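Everything on this sheet refers to the single structure shown next.
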Amino acid sequence: MPAANVIGTLTSADTFDQLASEWAEFEDVRANPLLGPQWFKAAAQSLEYGPLRIVTVRNDGHLVALAPLAEATQLGARRLGFIGAKLLYHPGGLIAGDPAALRTLCDTIVGLRLPVALLRIEKDGAAASSFAAACRGRGRLFVVSSPPTLQVDLRCGWQAYVATRTAKLRSDVRRKLRRLESTGKVQIDFLQPTPRELDRVLEEAIDVEADGWKGKKGSALRYNARIRHFVSSLAGQFACTSHLHVNFLRVAGTAVAMCIVIEHGGRIWGVERGYREAFSQFSPGKILLYETLRGICERGLDGYEFLGSGDPMQAAWATGERHLQS
442 MPAANVIGTL TSADTFDQLA SEWAEFEDVR ANPLLGPQWF KAAAQSLEYG
492 PLRIVTVRND GHLVALAPLA EATQLGARRL GFIGAKLLYH PGGLIAGDPA
542 ALRTLCDTIV GLRLPVALLR IEKDGAAASS FAAACRGRGR LFVVSSPPTL
592 QVDLRCGWQA YVATRTAKLR SDVRRKLRRL ESTGKVQIDF LQPTPRELDR
642 VLEEAIDVEA DGWKGKKGSA LRYNARIRHF VSSLAGQFAC TSHLHVNFLR
692 VAGTAVAMCI VIEHGGRIWG VERGYREAFS QFSPGKILLY ETLRGICERG
742 LDGYEFLGSG DPMQAAWATG ERHLQS
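Here the sequence shown stands for residues 442 to 767, numbered as in our numbering.
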């Protein structure tokens with residue numbers, strides 16, 4: 442006789458640590474850090490949200506599915522959504538070990554009888570179809586398109602990848618690098634800061650970003666305490682496992698571009714990047730991305746994942762995209 446599912450709705454911030462080892466074992470979580478306990482713990486510690494409603498499904502004592510949700514209030518009405526999704530706008534997802542567990546999870550979420558917003562989940566994926574089935578006859582389902590995230594597949598090797606980029610992009614990087622080298626010694630630093638080094642390294646990265654267009658716009662980490670806290674918390678967790686990387690492009694010792702990335706599932710995932718506006722004529726962000734991608738190939742990793750909603754700069758480097766819907 443099959444074991445009965447045990448449903449739980451957890452509301453304590455300690456849940457992330459309590460579930461961490463089980464949570465990390467899901468196949469989707471091993472491949473995608475945006476679905477992992479570190480990501481949602483950082484969001485819960487840093488961003489505004491209502492009560493946590495982390496829905497879990499256990500079978501024979503084993504965690505087989507979960508949804509990292511929290512309540513929010515909009516126009517006076519309560520609703521559920523992925524923790525931090527509204528502010529971060531990063532892709533999300535429901536986490537399950539098999540189709541049956543996913544169906545139970547979706548049925549449970551719908552059974553909470555609150556409006557639910559699942560932002561930027563895989564288009565036409567298992568979660569989308571299971572949730573649609575759970576809503577049938579029990580609620581109204583609205584599906585809207587969401588911008589894709591772009592990715593760079595580097596398994597073919599560096600020379601083969603570069604050969605697929607446009608001649609304009611390749612020549613532009615070479616030309617801008619030569620011009621930058623004429624102003625001073627150019628150096629690329631690939632850092633893996635330890636927890637003890639982290640504050641100093643992050644402060645330098647934040648300083649670079651604040652000196653660029655994001656600083657003028659007021660959206661840089663320096664001026665957005667909640668997102669800065671999220672990035673710092675996330676970086677701290679991945680620094681503990683040596684999976685945090687902070688890369689700098691320097692000219693005469695001064696950092697002019699930076700990127701904060703995490704290594705997970707054989708890939709590099711972009712978290713933040715920025716450059717100093719005074720050096721914009723040299724496209725320092727483009728040069729640093731070029732060197733970051735080359736470094737990924739040299740280390741034998743599979744590729745690079747852009748987050749956010751894509752932009753023309755990303756498209757020039759991308760080899761594919763993740764199709765999303767909400």
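The beta carbon of each residue, even a glycine, is placed where N, CA and C say it ideally should be. All figures in this text were calculated on a predicted structure; none of them were measured in a lab.
Look at residue 705 here: in three-state DSSP terms it is strand.
At the C-beta level, residue 764 and residue 589 come within 8 Å of one another. Residue environment analysis places residue 636 among the exposed positions, since fewer than 16 neighbouring C-beta atoms fall within 10 angstroms of its C-beta. Check the Cα spacing between residue 651 and each of 684, 665, 557 and 535: the tightest is with 665. Counted as a single uninterrupted DSSP element, the alpha helix (DSSP H) harbouring residue 550 occupies residues 540 to 552. Scanning its chain for C-beta atoms nearer than 8 Å, with the 5 sequence neighbours on each side dropped, one finds around residue 543 the residues 506, 535, 537, 567, 568 and 571, in chain order.
In the DSSP assignment, residue 514 forms a beta bridge with 519. In this structure, the CA atom of residue 592 is about 36 Å from the CA atom of residue 554. Cα atoms of residue 564 and residue 477: separation of roughly 20 Å, rounded to the nearest angstrom.
With a cut-off of 8 Å on Cβ pairs, the segment 606 to 626 is in contact with the segment 724 to 738, counting three or more such pairs.
The straight-line gap separating the alpha-carbon atoms of residue 498 and residue 739 is approximately 41 Å.
In the three-state reduction of the DSSP assignment, residue 677 falls in the helix class. For residue 457, the enclosing alpha helix (DSSP H) covers residues 456 to 464.
Its Cα nearest to that of residue 561, the residue 749 stands out among 602, 656, 501 and 749. Check the Cα spacing between residue 757 and each of 614, 449, 577 and 722: the tightest is with 614. Beta-bridge partners of residue 506 (DSSP): 498 and 537. In the structure shown, residue 720 adopts helical secondary structure according to DSSP, grouped into three states. CA-to-CA, the gap between residue 687 and residue 470 works out to about 22 Å. Around the beta carbon of residue 496, 16 or more other beta carbons lie within 10 angstroms, which makes this residue buried. Contact between the segment 605 to 612 and the segment 666 to 682 is not established, with fewer than three Cβ pairs separated by less than 8 Å.
Among the bridge pairs identified by DSSP, residue 710 is matched with 703 and 746. In the three-state scheme derived from DSSP, where H, G and I count as helix and E and B as strand, residue 645 is classed as helix.
As the crow flies, the alpha-carbon of residue 452 is around 33 Å from that of residue 647. Measuring C-alpha to C-alpha distances from residue 714 to each of 545, 737, 725 and 741 identifies 725 as the nearest. Linking residue 752 to residue 737 through their CA atoms gives a straight-line distance of about 21 Å. In this structure the segment 709 to 723 lies against the segment 649 to 663, because at least three pairs of beta carbons, one per stretch, are closer than 8 Å.
A residue is called buried once 16 or more other Cβ atoms fall within 10 Å of its Cβ, and residue 626, having fewer, is exposed. Beta bridge pairing from DSSP links residue 763 with 590. Of the candidates 500, 523, 516 and 551, the residue whose Cα lies closest to the Cα of residue 541 is 500. Non-local beta-carbon contacts of residue 580 in its own chain, meaning distances under 7 Å to residues more than five positions away in sequence, involve 551 in chain order.
Selection 628, 459 and 490 evaluated against residue 479 yields 459 as nearest (Cα-Cα). With a cutoff of 8 Å on beta-carbon distance, residue 742 and residue 701 are scored as not near each other. Counting along the chain, residue 448 sits inside the beta strand (DSSP E) bounded by residues 446 to 451.
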